[in-house]
Amino acid sequence: SHDMIFNTLSMKNLILSILFFIVGISSISAQNWCGTVAHQESLIENQPEKAAALQERIEQFNRLQKENLANGIKNNDHYIVPVVFHVIHEGGSENISFDQINDQMRILNEDFARLNPDTTNTPAIFAQNAGDTNIEFRLAKIDPDGNCTQGVTRTFSNLTNGARNNVKELIQWNPSRYMNVWVVKSIENFSEDGNIVLGFAQFPNQLSSDPETDGIVIRHNYCGSIESASSNYGRTLTHEVGHWLNLRHIWGDADCGDDNIDDTPTGQEPNYNACTGNFPYNVGGCSASSGQTITQSYGEMFMNYMDYSEDYCMNMFSLGQGSRMRSALSQYRNTLISESNLVATGTNDNYIIVECAPITEFEADYA
Ligand code: ZN
Ligand code: CA
């Protein structure tokens, strides 16, 4: 009868609904996320009058990159970036030790120099285009007032919970002279999609318009690989510094989007679960974008630091990404990398390390 058919159909629908509900829940379950694109979108949303100029800067940068590439102009300079960590804490495990910060600096420098221990996990076809970015990071030894520093400040504040740009108002060193990294307990999710935001950066094309928010915010338990971050490999900062130096996500933040890098194959969407054993992954998922020098027949470069793979599955920047980051330094952050700034921040090669008097740090904390 009709009733029987109806009942069978609705039973099927019910079962399907339950199945979709279960599948839905598992796909809703928290993913680890980077908030950089959401940060840029919210800045533009709040200041629409700046959007056109920003778009022009972005296009100009991309144009120049393409022209230089076409003309065989290569920037092979070695750049040094002075760094300061601002630990925002309430006295808990988010008040990470100097050892943990040093461990993060080691990982960052290994990854950027392709001295990371897991380069052998890069598939040979991609390893041809993987390389040293020629960018080095050093903790500042002189603060903005000319005083001795370890390159770390500590501020007691409950803004460390669900942090976003508000922690930058607590303390920031001149972003034209230092790379600012704020370490916090947790980060507010800008897009409210239930994902856990591990960190977010600001692209360098916004340094001129929004200097007060330039820098990187990172969760303490993803900063480094020891102590409070012992379950991670410290590559959240590698990824965020990539953004801070103008790299896009490898999928171009769109379905088969363009990351403006010719030696990375076009990616369809963020990869969360692809790892070494999955190569080649999603072969033919996207068609090649114009100018691309690497074929799609090897699938996606899920082991690139600008994908969303787990820390232990990532192991490379491409040479094209290194070139784009060096261009970002010379075009947007040229004061930062200048010899006079390295001298002023105590990060030049000839700087003679002075032990800071511990009493100064103590007084600064509670002043
Ligand atoms: Zn990101
Ligand atoms: Ca690409």
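Following my numbering, the numbering of the sequence shown begins with 5 at its first residue and continues without gaps.
Positions of the beta carbon are idealized from the N, C-alpha and C atoms, including for glycine.
Test item: CB-CB of residue i and residue j under 8 angstroms
i: H224; j: S234; result: no
i: R330; j: D81; result: yes
i: L174; j: T153; result: no
i: P86; j: M183; result: yes
i: K145; j: T351; result: yes
i: I62; j: N209; result: yes
i: V221; j: V188; result: yes
i: E216; j: P269; result: no
i: Y336; j: Q35; result: no
i: M320; j: T126; result: yes
i: A332; j: N264; result: no
i: I254; j: M318; result: no
i: I111; j: F89; result: no
i: V201; j: I92; result: no
i: A74; j: F194; result: no
i: E192; j: G166; result: yes
i: D262; j: S229; result: no
Residue environment, residue i, which counts as buried when at least 16 other CB atoms sit within 10 Å
i: Q44; result: buried
i: W186; result: buried
i: D315; result: buried
i: L18; result: Reliability fails at L18, whose pLDDT of 47 lies under 50, so the model's placement of it is uncertain and the value that follows must be treated cautiously. With fewer than 16 other Cβ atoms within 10 Å, it is exposed.
i: D267; result: buried
i: R39; result: Reading off the sequence shown, one finds Gly at residue 39, where the question assumed Arg. So G39 counts as buried.
i: V245; result: buried
i: N133; result: buried
i: G198; result: exposed
i: H181; result: Checking the sequence shown, residue 181 turns out to be Arg, not His. So R181 ends up on the buried side.
i: M15; result: With a pLDDT of 49 at M15, under the threshold of 50, the modelled position of this residue cannot be trusted; read the value that follows with caution. Its Cβ having fewer than 16 others within 10 Å, M15 is exposed.
i: A278; result: buried
i: I357; result: exposed
i: S327; result: buried
i: G295; result: exposed
i: Q51; result: exposed
i: Q64; result: exposed
i: N236; result: buried
i: R142; result: buried
i: D147; result: buried
i: T124; result: exposed
i: R67; result: exposed
i: N162; result: exposed
i: L211; result: buried
i: L241; result: buried
Closer than 7 angstroms: residue i CB and nearest ligand 2 heavy atom
i: I129; result: no
i: S293; result: yes
Beta-ladder partner(s) of residue i, from DSSP
i: A167; result: I191
i: T157; result: H90
i: N36; result: I200
i: F321; result: According to DSSP, which records beta bridges pairwise, F321 is partnered with nothing at all.
i: L143; result: V87
i: R223; result: V188
i: G303; result: Y285
i: A134; result: S322
i: A205; result: I220
i: M183; result: V87
i: N308; result: M320
beta-carbon residue i near ligand 1 non-hydrogen atom, thresh 7 angstroms
i: C38; result: yes
i: H243; result: yes
i: H247; result: yes
i: H90; result: no
i: H253; result: yes
Cβ of residue i within 8 angstroms of any chain C Cβ
i: Y285; result: As a matter of chain content, chain C is missing from the structure shown, which is built from one protein chain.
- Query: Which residues have a Cβ closer than 5 angstroms to any heavy atom of ligand 2, listed in chain order?
  - Reply: D263, I265 and T268
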